[in-house]
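So the structure is just underneath, and the comments pick up after that.
Protein chains in written order, with our numbering: chain A, 60 to 273; chain B, -11 to 152.
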């Protein structure tokens, strides 16, 4: 056994010449790669998310539901909203991509720190935008259902007959607000989970860079 | 200050990169995994570098961080690593350099080392790097006696693998 190990040791020592040799620049670039891979994931996830929601949208855009939207007189508004939504999300994806490119070619820690902050800002804006567009969509839908939807009309008629229309509307508004708030909270949690973990790691990198700075 | 630190770190790593390459060869099976591990070790080294105050030799410190990184990564992906694809740089044995029996013996030995657990591998690695027990124990954070006992066990394990 000892002989074999000694033989192995001798062989091992000879291996040095066959090892890969990285240049100063190659190693230098590696120091910055960590942040870049996180930002890359933010970009990928935003893409996947986009495809996912667009897919859901297309699946539910059958002629029947289009007819329903038209009947509720919110078809045009919804289409405009959809258009704005996709335009802005594409813009965000483009920004995520640009951040990723920027971070991949960063050669100083100062610039890297700035890019990390940019990424954080972009993600926060992106989440806020999604929450706002969701709220608008929901409010318009609730409005459409109650003013023009067949069920809504029935409910309103029943309430008017009971003679308590004001109470009814107050109730509707309160229920809508609570409903929206719960959904918003869920979506917010979803984003917190999806991007929060990545942002946290990015923040850790940022803090490390900051420590080096002083 | 920061630039200076960067420069010093990259220069030292560039000069000592063989250590990291060797660790990578031992703990990975193909070129991609090798590069990934090298990258990861580089990042860990860079993270830890501000705390490195030169109380140990740069290389000793590197052995420690590199092995720790390899062991942690190896633990995470234990299932994945078990493929029998010996495509790494270290394990390619040049045919013309050795006579047949010696070459065969070496191949068997390398294969046996590959089958060892993560910590045992680290021990063998330091042994192959010609470290004495004092340095092995310092690098792995165990006592010298413990290192000796462990190394004997590893030798027994290798023996069992070679002669089942």
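By construction, the Cβ of each residue, glycine as well, lies at the ideal position given by its N, Cα and C atoms. These numbers were taken from a predicted model, which means no experiment stands behind them.
Item checked: Interface flag, residue 11 of chain B vs chain A, CB-CB below 9 Å -> no
Margin query: Just to make sure I have the definition right: I need the residues of chain A whose C-beta is within less than 7 Å of the C-beta of residue 34 of chain B. Which are they?
Written below: 90
Notebook entry, point to check: Between the C-alpha atoms of residue 129 of chain A and residue 207 of chain A, what's the straight-line distance to the nearest angstrom?
Noted result: Inter-residue distance for residue 129 of chain A and residue 207 of chain A is about 10 Å (C-alpha atoms, whole angstroms).
Next item on the list: Could you confirm whether any beta carbon from chain A is found closer than 9 Å to the beta carbon of residue 31 of chain B?
Entry: By this cut-off, residue 31 of chain B is an interface position.
Check: Straight-line CA distance for residue 77 of chain A to residue 12 of chain B?
Finding: 14 Å
Next item on the list: For the stretch 218 to 244 of chain A, list the beta strand (DSSP E) runs that are entirely contained and at least 3 residues long, ordered along the chain.
Entry: Entirely contained in the stretch 218 to 244 of chain A, not one beta strand (DSSP E) run reaches 3 residues.
Item checked: Host alpha helix (DSSP H) of residue 111 of chain B (start-end) -> 106 to 116
Margin query: When you compare the CB positions of residue -2 of chain B and residue 83 of chain A, do they come within less than 9 Å of one another, or not?
Written below: yes
Item checked: For residue 158 of chain A, the three-state DSSP class (helix, strand or coil) -> It is helical.
Checklist line | Span separating the alpha-carbon of residue 27 of chain B from that of residue 141 of chain B | finding: Approximately 32 Å between the Cα atoms of the pair.
Check: When the Cα of residue 150 of chain A is compared with those of A:65, A:181, A:244 and A:236, which residue comes out closest?
Finding: A:181
Check: Does the beta-carbon of residue 217 of chain A have 16 or more other beta-carbons within 10 angstroms, so that it is buried, or is it exposed?
Finding: Label assigned to residue 217 of chain A: exposed.
Next item on the list: Assuming residue 106 of chain B contacts residue 59 of chain B (C-beta within less than 8 Å), just tell me the rounded distance between them.
Entry: 5 Å
Check: From the beta carbon of residue 40 of chain B, is the nearest beta carbon of chain A less than 9 Å away?
Finding: no
Margin query: As a quick exercise: from B:53, B:91, B:135 and B:24, pick the residue whose alpha carbon is nearest that of residue 122 of chain B.
Written below: B:135
Check: How long is the line joining the alpha carbons of residue 116 of chain B and residue 0 of chain B, rounded to whole angstroms?
Finding: 22 Å
Next item on the list: Rounded to whole angstroms, what's the CA-CA distance from residue 108 of chain B to residue 52 of chain B? Just pull it up for me.
Entry: 14 Å
Item checked: N- and C-terminal bounds of the alpha helix (DSSP H) containing residue 124 of chain B -> 121 to 128
Check: Are the beta-carbon atoms belonging to residue 48 of chain B and residue 148 of chain B less than 9 Å from one another?
Finding: It is not a contact, given that the beta carbons lie outside the stated cut-off.
Margin query: Would residue 140 of chain A and residue 199 of chain A qualify as a contact pair, given that the criterion is a beta-carbon distance under 9 Å?
Written below: A contact, by the Cβ cut-off of 9 Å.
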